[in-house]
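Colleague: Here's a structure for you.
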Amino acid sequence: MGPMYFVMAILGCGDGSEQCQQARLVPQRYATMAQCRAALPDQIARNTDVPFPVIGADCRRAGAEIAAAGKPKVRG
404 MGPMYFVMAI LGCGDGSEQC QQARLVPQRY ATMAQCRAAL PDQIARNTDV PFPVIGADCR
464 RAGAEIAAAG KPKVRG
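Numbered by my numbering, the letters in the sequence shown go through residues 404 to 479 in order.
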């Protein structure tokens, strides 16, 4: 399995920031959520060409995630 990383989705929204949907993914990968969030203003400024009245961005986990090994815990 590969490492976990973060990607940024550029979101297009209707007026009032309602009904947002993913317009594109930024091709950059970030090692941490903090690095991704720090890049939000710059990437929003670079992606103003999406055909929506309001744009935003969201950082998301991507890549492999490793599950903890062992027996599942039983609640009771």
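For each residue, glycine too, the CB sits at the ideal point set by N, CA and C. Because the structure is a prediction, the values reported are computed rather than measured.
1. Is the region 414-422 touching the region 431-442 in the sense that three or more CB pairs, one from each, lie closer than 8 Å?
2. Which residues does DSSP pair with C462 in a beta bridge?
3. Rounded to the nearest angstrom, what separates V453 and G466 at their Cα positions?
4. Return yes when the Cβ of A412 is within less than 8 Å of the Cβ of A448, no when it is not.
5. With burial defined as no fewer than 16 other Cβ atoms inside 10 Å of the residue's Cβ, what is the status of L414: buried or exposed?
Modeller: The relevant details are as follows:
1. no
2. Beta bridge pairing from DSSP links C462 with M411.
3. 26 Å
4. No, they are not a contact pair.
5. buried
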